[in-house]
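All remarks here apply to the structure that follows.
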Amino acid sequence: MSEEILINVTPRETRVAVVENGMLQEVHIERTSRRGYVGNIYKGRVIRVMPGMQAAFVDVGLERAAFLHASDVLRAAPLDLAGDEPPLPPQPTPPIAELVREGQDVVVQVVKDPIGSKGARLTTQLSIPSRYLVLLPYGRVLGVSARIEDEAERARLKSMLGELIREAPFGYIVRTNAEGQPGEALAEDVAYLGKAWSAIQAAIGTSRVGQCVYEDLSLPLRALRDLMRDEVEKVRVDSRETLERIQQFAHQFMPDLAERIEHYPGERPIFDLYGVEDEIQKAMQKEVPLKSGGYLVVDQTEAMTTIDVNTGAFLGHRNLEDTVYRTNLEAAQAAARQLRLRNLGGIIIIDFIDMTDAEHRRQVLRQLEKSLTRDHSKSTVYEFSPLGLVEMTRKRTTESLERQLCEPCGTCGGRGSVKTSETVCYEIFREITRAVRQFDAEKLLVLASPKVVAKILEEESAAVAELEEFIGKTIRFQPDEQYAQEQYDVVLL
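Sequence positions in the sequence shown follow our numbering and run 8 to 500.
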């Protein structure tokens, strides 16, 4: 598996692309005017407690009050060096009113950015990541990432970390990147995290409510920390200034991989190198073509994302069941890629083409799960439902690619459709009748889009004549390019 990370830097925007075998898989965008908040730690103040929601709203200095659920409020657990979880069974979550009170100052961390009309989601269970570890300053658990599946390696890492933190009153999680790393690498991270936590504690003591006391790394450094692994052959950066910062970070935390970071000096933009710009534009479209001639239709809504699979022009060579099976196998791979590329999260419903063979359904499900294994976001896939749908969830912490780059259409208001010119014609006729009943006027002027006016004068001229006779007044229609199809004004003269 050939993998490269491309970093494109401009004065107001930084973009990171993950390319596998020449094909774009992920895009991460950070704009200076709208940096994400996930990972930031704030000194906040509880402004409202909502017992019915088991939650509180906290002022952390952002545009909207942030949301803190009772389940995200810290409760102490004993340190467990033998297993991955605290030995005691989970206890029922106490009422939110017993955990926080209005006016109370709290130190919180953002776990989910503001999305749509929702404020950021918070936790008091702080975590500070490094290259190989995550420090849980208030936690008492010693865990290993579930993505490290080899039991011997899990035991080795846990044993090494246990020796390093024997006297430390903190919890730690070993990240996936730590697989195969020596004890010295973990020791460096333990030292770094200890210094970082000391600096955060000092900042908490001197900061005011609404101030950020710890800010996560910038996008290029986060990309190196979270995405850099042995399979990555090259990291190419088109900015010398950013390159220097990245190399300095790499020499400190990942010296073995530092030599793979290089400057891209080419005149051709770095994202044009692998067609990344074109792929980003395609990710804004609803339809995703498949090589076989079939296609996916991706619909993102507030509640969920749906992916519909269609055979399109693919007719196959054997029979209908074989055609459907092969299309669904290709669609499973494509759907997994689109989830990563578009950063789609929450509830996802995939409507594969109906298959009668149970083994075919099992193979398609296995292909979907296999294609999701390289995804950094945690996902859970369920069996086919009685209606032939696959339900799954994918962890969402930031806005999708579409919502980062796009805004609702000014014409349709995000509905995805506009009223027909015929519908608008009849609305205008009703508005004229309503207006003459309320106000006195000798004439009426209707301003509307050229398409609607043409429809009225060409196809509805008889209806206009009947309306003029009914109201006893003259109506004049004037097209205006500034009017969208659904817009119009009835002016009394």
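Every residue, glycine too, gets a C-beta built ideally from N, C-alpha and C.
In the DSSP assignment, residue 351 falls outside any alpha helix (DSSP H) and carries neither an H nor an E.
In the DSSP assignment, residue 180 falls within the beta strand (DSSP E) that extends over 178-181. Checking the DSSP bridge columns, you'll see residue 22 partnered with 15, 36.
Within the region 404-442, the complete alpha helix (DSSP H) segments at least 4 residues long are 408-412, listed from N- to C-terminus. Its Cα nearest to that of residue 160, the residue 182 stands out among 175, 141, 182. The distance from the Cβ of residue 334 to that of residue 305 is about 16 Å, inconsistent with a contact at the 8 Å cut-off.
Assignment of residue 445 by DSSP, reduced to helix, strand and coil, places it in the helix class. Going by C-alpha positions, residue 210 is about 13 Å away from residue 47. Contact between residue 432 and residue 459 holds: CB atoms are separated by about 6 Å, below the 8 Å threshold.
Assignment of alpha helix (DSSP H) within the region 159-214, counting only whole runs of 4 or more residues, yields 190-213 in chain order. Every unbroken stretch of the alpha helix (DSSP H) spanning 4 or more residues and falling wholly within the region 315-401 is given here in chain order: 327-349, 365-378. In this structure, the CA atom of residue 218 is about 17 Å from the CA atom of residue 41. A distance below 8 Å separates the beta carbons of residue 242 and residue 235. In the displayed model, residue 41 falls within a helix according to three-state DSSP. Taking residue 500 as reference, the option from 467, 478, 452, 468 with the minimal CA-CA separation is 452.
Residue 196 holds the alpha-carbon nearest to the alpha-carbon of residue 260 among 301, 354, 196, 58.
As DSSP reads the structure, residue 116 sits in a beta bridge with 48, 130.
Under the DSSP assignment, residue 255 falls in the alpha helix (DSSP H) whose first and last residues are 247-260.
The C-alpha of residue 380 is placed about 46 Å away from the C-alpha of residue 491. Within the same chain, and ignoring the five residues on either side of residue 14 in sequence, the residues whose Cβ sits closer than 6 Å to its Cβ are 23, 227, 244. Note that the region 370-385 touches the region 341-352; at least 3 beta-carbon pairs, one per stretch, sit closer than 8 Å. Within the DSSP bridge table, the entry for residue 106 names no partner.
Rounded to the nearest whole angstrom, the C-alpha separation of residue 150 and residue 144 is 14 Å.
Its chain contains 168, 179, 180, 181, 182, 185, 193, 196, 197, 200 as the residues whose beta carbon lies nearer than 8 Å to that of residue 140, once the 5 sequence neighbours on both sides are disregarded; these appear in chain order. In the three-state reduction of the DSSP assignment, residue 121 falls in the coil class. Three or more beta-carbon pairs separated by less than 8 Å are not found between the region 283-299 and the region 246-262, which leaves the two stretches without contact. Considering only 158, 485, 123, the residue with the shortest C-alpha distance to residue 421 is 123. In this structure, the straight-line span from the alpha carbon of residue 370 to that of residue 342 is close to 15 Å. Contact annotation: residue 103 and residue 61 have beta-carbon atoms nearer than 8 Å. Under the three-state reduction of DSSP, residue 267 is assigned to helix.
Here residue 495 is bridged, per DSSP, to 455.
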